[in-house]
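Asks: Those letters in the sequence shown? Residues 22 to 269, by our numbering. All residues carry an ideal CB built from backbone N, CA and C; glycine is no exception. What you are looking at is a predicted structure, and each value in this text was computed from that prediction instead of being measured. Starting off with a structure, shown below.
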Amino acid sequence: MHPAVAILLTVLITQSVSWIGKDNIINLTHKIFLQLRHRRTLSQQRALRKEIYENKQQLAKTSSQDEFSKWAKLRRKIDKSLQELERINGVLSSSRSTFGIILKAFLFLFTTAFPFIVTSYYGKTPIFYLPPGGWFGPLGWILSLPRAPAGSVSSSAWSTICVRVILIIIESFKNLIPTKVQPESTYEQPSTQNGAGRESSSPAPTKSAAGEGIGKEATGAFGSGSDPKKEGGTARRRATQTPQAQEL
């Protein structure tokens, strides 16, 4: 295989792992692992769940007072099945944690160490030769770093170019996928703010209307055609009269 193709496939696989996500890969491969390694345990788990569901249905229809013996028997059977189900769930959970640790370590080595090994193996091998004549100037020397012959493209430079191109393609592919548009929020403002808004939106009373209201209040307080000063003097004279004069 040509070194350029080998490096391209390596970069493509590692970037695909990063794009899919390690957690998604672990979940998918763990389901396959369970079907191959713990098929009998999974069948027992499904059978126990079905049995517990049916027994609970019967227990709900059985009276604990009229049919106590039957009710107690179903209760003991359900408890025993629940204990067995907890044991099976513990086995599957332990298997998942161990499988996840091993697969994460493998993916880390595969996406980190493997590309480095491949590029180091082809470190001195020229991937491509640039056209002669010094068209690229100092760029030709940079592309040959670190150990490729002058005037060629090294494995490290080719790996970097492949990574950048694949990332651009992935981003373009993501932009082509339509995203779900979230509906606008229909949250209404609190009633106090609505009340304030209604009050602020109502027109302010005019000066003439305000003056008429004040005049009506003053007329109602002192009576039509009465003098406020005279009313005040009469009230003071009545207050200064002695009790005997008031009785007369």
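1. Could you compute how far the alpha carbon of G172 sits from the alpha carbon of I47?
2. Look at the Cβ atom of V32, then the Cβ atom of T132, and state whether they are nearer than 7 Å.
3. Give the straight-line distance between the Cα atoms of L166 and S177, rounded to the nearest whole angstrom.
4. Less than 8 Å between C-beta atoms, sequence neighbours within five positions excluded: which residues of the same chain meet that for G144?
5. For L29, which residues of its own chain have a beta-carbon under 6 Å away from its beta-carbon, when the five flanking residues on both sides are left out?
6. Taking the alpha helix (DSSP H) that Q79 belongs to, which residues open and close that run?
7. Should I190 and A25 be called a contact, given that it needs their Cβ atoms to be closer than 7 Å?
8. Please name the residue, chosen from I34, K101 and L80, that lies closest to K91 on a Cα-to-Cα basis.
9. Taking C-alpha atoms, which residue in T140, Q78, H23 and L128 lies nearest to T181?
10. Give the DSSP-derived three-state secondary structure of S180 in the structure shown.
11. Consult DSSP for S173 and reduce its assignment to one of helix, strand or coil.
12. Assuming S114 and I73 form a contact by the criterion Cβ under 8 Å, report the distance between their Cβ atoms to the nearest whole angstrom.
13. Alpha carbon to alpha carbon, how far is P153 from G161?
14. Assign P226 to one of two classes, buried (16 or more other C-beta atoms within 10 Å of its C-beta) or exposed (fewer than that).
15. Assuming T50 contacts L124 under a Cβ cut-off of 8 Å, what Cβ separation, rounded to an integer in Å, is found between them?
16. For A134, which option in D44, M22 and T35 has the closest C-alpha, if you only look at C-alpha atoms?
17. Throw me the rounded Cβ distance for the S110 and L95 pair, which I believe falls under 8 Å.
Replies: Considering the structure as presented:
1. C-alpha of G172 to C-alpha of I47: approximately 44 Å in a straight line.
2. Contact: no.
3. Going by the C-alpha atoms only, they are around 7 Å apart.
4. Correct list, in chain order: P167, R168, A169, S175, S176 and S177.
5. C183, listed in sequence order.
6. Going by DSSP, Q79 is part of the alpha helix (DSSP H) stretching over R60 to K82.
7. Taking a C-beta distance under 7 Å as the contact criterion, I190 and A25 do not qualify as a contact pair.
8. Ranking I34, K101 and L80 by Cα distance to K91 puts L80 first.
9. Residue T140 is the option with its Cα nearest to T181.
10. DSSP places S180 within a helical segment (H, G or I) once states are collapsed to three.
11. The three-state reading of DSSP puts S173 in strand, counting E and B together.
12. The pair is not a contact, with the Cβ atoms about 18 Å apart (cut-off 8 Å).
13. Cα to Cα, P153 sits roughly 10 Å from G161.
14. Per-residue confidence for P226 stands at a pLDDT of 45, beneath the threshold of 50, marking its modelled position as unreliable; the derived number appears in the next sentence. Exposed: under 16 other Cβ atoms inside 10 Å.
15. The pair is a contact, with the Cβ atoms about 6 Å apart (cut-off 8 Å).
16. The shortest CA-to-CA distance from A134 to any of D44, M22 and T35 is the one to T35.
17. One detail in the question is off: residue 110 reads as Asn in this sequence, not Ser. Actually they do not touch by this definition, with Cβ atoms about 22 Å apart.
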